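The structure appears right after this line, and notes come after that.
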Amino acid sequence: MGLTLEQMNKPEEAKAQFLLAFLAPVVTMDDGEIHKKV
Numbered sequence: 014m015g016l017t018l019e020q021m022n023k024p025e026e027a028k029a030q031f032l033l034a035f036l037a038p039v040v041t042m043d044d045g046e047i048h049k050k051v
């Protein structure tokens, strides 16, 4: 969702979505890798 909002030139809304993504628990190894990249 954050990427879509970013492409729609809505940076504040995109930032809010990216921050919400970090509240999600890290369940799998893939989740952990993604959290490290960002």
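Residue numbers (the numbering used here): 14 to 51. Just so you know, even glycine gets a beta-carbon here, dropped at the ideal spot from N, CA and C. In this text, all values refer to a predicted model and were calculated from it rather than measured experimentally.
1. Could you name the residues of the same chain whose beta carbon sits closer than 7 Å to that of methionine 14, not counting the 5 residues immediately before and after it, in chain order?
2. Which class does alanine 27 belong to by DSSP, given the choice of helix, strand or coil?
3. Helix or strand or just coil, what does DSSP make of alanine 34?
4. When the Cα atoms are used, what is the spatial distance from threonine 17 to phenylalanine 35?
This is what the structure holds:
1. On the sequence shown, residue 14 is found 1 positions in, with the first residue counted as 1. Counting only Cβ-Cβ distances below 7 Å, and skipping sequence neighbours, we find Gln30.
2. Locating residue 27 in the sequence shown gives position 14, counting from the first residue. In this structure, alanine 27 counts as helix in the three-state DSSP scheme.
3. Along the sequence shown, read from residue 1 onward, the residue named residue 34 stands at position 21. It is helical.
4. Residue mapping note: residue 17 aligns to position 4 of the sequence shown, counting from 1. Residue mapping note: residue 35 aligns to position 22 of the sequence shown, counting from 1. For threonine 17 and phenylalanine 35, the distance between alpha carbons rounds to 17 Å.
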